[in-house]
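Peer 1: In my numbering, the protein residues as written are 29 to 248.
Positions of the beta carbon are idealized from the N, C-alpha and C atoms, including for glycine.
Following this message is one structure expressed as structure tokens.
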């Protein structure tokens with residue numbers, strides 16, 4: 029079989045002061061909901077190894093990035109006390125895609141994803157991307173740095189509020205949910221930089237549609 033390019037997402041979870049069995053159960057449930065949410069766009073389900081690592085194959089760069097945002101925001105909404113490190117890349121797979129599990133598949137892309145995930149170097153960003161379009165990759169990396177700066181101000185206890193602010197642009201709707209005034213919600217939205225987060229998120233998700241020359245202009 030001729031090797032074919034696919035979009036591969038791998039990751040592992042880490043946490044401090046959290047029972048190992050509790051961590052595995054929470055992580056397993058999170059991955060299961062992601063597989064269900066994107067079931068028509070995930071070619072090979074995200075499957076978890078005994079070492080709390082996961083890997084799967086999506087149908088596009090945009091789906092890969094959307095699953096990262098989904099996992100991050102859903103973990104925040106559930107107030108989960110662990111972090112996930114991701115590697116998303118475009119790489120070759122030599123075997124047929126197994127919809128249920130990636131573990132029986134082989135290919136350079138899968139090997140590269142696992143190798144990058146194993147490099148636990150200091151200073152490495154928590155979300156790494158490596159696509160064929162190097163200009164798009166650099167553009168996304170720069171936006172992820174800004175996104176990380178915004179999220180560093182967030183606290184897990186505010187997770188449900190933050191997710192509602194992301195999902196609803198109306199301060200009145202969010203106010204009704206949390207029994208707060210529109211003014212109180214507006215202040216939280218502003219202090220948490222949710223609007224900025226949403227703009228950057230949209231730019232990242234739309235990056236696949238940009239032509240290389242457009243990305244070069246934005247990077248410059």
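At which residues does the alpha helix (DSSP H) containing residue 199 begin and terminate?
Peer 2: Here residue 199 is taken as the residue at index 171 of the chain shown, counted from 1. Here the alpha helix (DSSP H) through residue 199 covers 199 to 206.
Peer 1: What does DSSP give as the partner residue(s) for residue 82 in the beta ladder?
Peer 2: Here residue 82 refers to the residue found at position 54 of the chain shown. In DSSP, residue 82 forms a bridge with 39, 76.
Peer 1: For residue 52, which residues in the same chain have their Cβ closer than 7 Å to its Cβ, ignoring the five residues on either side in sequence?
Peer 2: Numbered from its first residue, the chain shown carries residue 52 at position 24. For residue 52, where only same-chain residues beyond five positions count, the Cβ hits under 7 Å are 80.
Peer 1: I need the DSSP call for residue 46, collapsed to helix, strand or coil.
Peer 2: Translated into positions along the chain shown, residue 46 becomes position 18. Residue 46: coil per DSSP, three-state reduction.
Peer 1: Let me know the secondary structure DSSP gives residue 156 once reduced to three states.
Peer 2: Position 128 of the chain shown holds residue 156. Looking at residue 156 - three-state DSSP - the assignment turns out to be strand.
Peer 1: State whether the region 131 to 145 contacts the region 180 to 198, with contact taken as three or more CB pairs (one from each stretch) at a distance under 8 Å.
Peer 2: Counting Cβ pairs under 8 Å, fewer than three are found: no touch.
Peer 1: Taking 8 Å as the limit between beta carbons, can you name the residues of its chain near residue 129, skipping five residues before and five after?
Peer 2: As a first step, residue 129 is located in the chain shown; it is residue number 101 there, counting from the start. Excluding residues within five positions, the ones whose Cβ falls inside 8 Å are 72, 73, 75.
Peer 1: Threshold first: 4 residues or longer. Then list the alpha helix (DSSP H) segments lying entirely within the region 119 to 191, N to C.
Peer 2: With a minimum length of 4 residues, the continuous alpha helix (DSSP H) runs that stay inside the region 119 to 191 are 136 to 146, 162 to 179.
Peer 1: Just curious, the alpha helix (DSSP H) that residue 218 is in, first and last residue?
Peer 2: Here residue 218 is taken as the residue at index 190 of the chain shown, counted from 1. Counting along the chain, the alpha helix (DSSP H) containing residue 218 begins and ends at 210 to 219.
Peer 1: What is the C-beta distance between residue 154 and residue 111, in whole angstroms, given that I count them as a contact (C-beta under 8 Å)?
Peer 2: The residue you call residue 154 lines up with position 126 of the chain shown. The residue you call residue 111 lines up with position 83 of the chain shown. About 7 Å; that satisfies the 8 Å criterion.
Peer 1: Would you report the Cα separation of residue 209 and residue 180, rounded to the nearest angstrom?
Peer 2: For the purposes of this step, residue 209 is taken as residue 181 along the chain shown, with counting starting at 1. For the purposes of this step, residue 180 is taken as residue 152 along the chain shown, with counting starting at 1. When rounded, the distance between both Cα atoms is 26 Å.
Peer 1: Using the DSSP secondary-structure output, state which residues sit across from residue 32 in a beta bridge.
Peer 2: Locating residue 32 in the chain shown gives position 4, where the first residue counts as 1. In the DSSP output, where bridge partners are listed per residue, residue 32 has 121.
Peer 1: Could you check where the alpha helix (DSSP H) with residue 91 kicks off and where it finishes?
Peer 2: Here residue 91 refers to the residue found at position 63 when the chain shown is read from its first residue. Run containing residue 91: 89 to 105, per the alpha helix (DSSP H) assignment.
Peer 1: Check each candidate in 70, 101, 104, 82 and name the one with the smallest Cα separation from residue 88.
Peer 2: Start at 1 with the first residue of the chain shown, and residue 88 comes out as number 60. Measuring from the Cα of residue 88, the nearest candidate turns out to be 70.
Peer 1: Once DSSP output is grouped into helix, strand and coil, what is the label at residue 109?
Peer 2: The residue you call residue 109 lines up with position 81 of the chain shown. If DSSP states are grouped into helix, strand and coil, residue 109 belongs with coil.
Peer 1: In angstroms with no decimal places, state the Cα-to-Cα distance between residue 211 and residue 132.
Peer 2: Residue 211 sits at position 183 when you count from the first residue of the chain shown. Residue 132 sits at position 104 when you count from the first residue of the chain shown. So the two alpha carbons sit approximately 54 Å from each other.
Peer 1: Drop a sphere of 10 angstroms on the beta-carbon of residue 205, count the other beta-carbons inside from all chains shown, and report buried for 16 or more, exposed for fewer.
Peer 2: Against the chain shown, residue 205 aligns to sequence position 177. When all chains shown are included, residue 205 counts as exposed.
Peer 1: Report all residues from its chain with a CB closer than 6 Å to the CB of residue 214; omit the five preceding and five following residues, and keep chain order.
Peer 2: Within the chain shown, residue 214 is the residue found at index 186, counting from 1. For residue 214, where only same-chain residues beyond five positions count, the Cβ hits under 6 Å are 199.
Peer 1: Identify the residues that DSSP records as bridge partners of residue 115: which are they?
Peer 2: Working through the chain shown from its first residue, we reach residue 115 at position 87. 38, 156.
Peer 1: Count the other C-beta atoms from every protein chain shown that fall within 10 angstroms of the C-beta of residue 100, then say buried if there are 16 or more, exposed otherwise.
Peer 2: In the chain shown, counting from the first residue as 1, residue 100 sits at position 72. Buried, since its Cβ has 16 or more Cβ neighbours within 10 Å.
Peer 1: For residue 224, which residues from the same chain have a beta carbon less than 7 Å from its beta carbon, with the 5 sequence-adjacent residues on both sides left out?
Peer 2: Against the chain shown, residue 224 aligns to sequence position 196. Counting only Cβ-Cβ distances below 7 Å, and skipping sequence neighbours, we find 178.
Peer 1: Output needed for residue 169: all residues of its chain with C-beta closer than 6 Å, excluding positions within five of it in sequence on either side, in chain order.
Peer 2: Translated into positions along the chain shown, residue 169 becomes position 141. Nothing listed; no residue qualifies.
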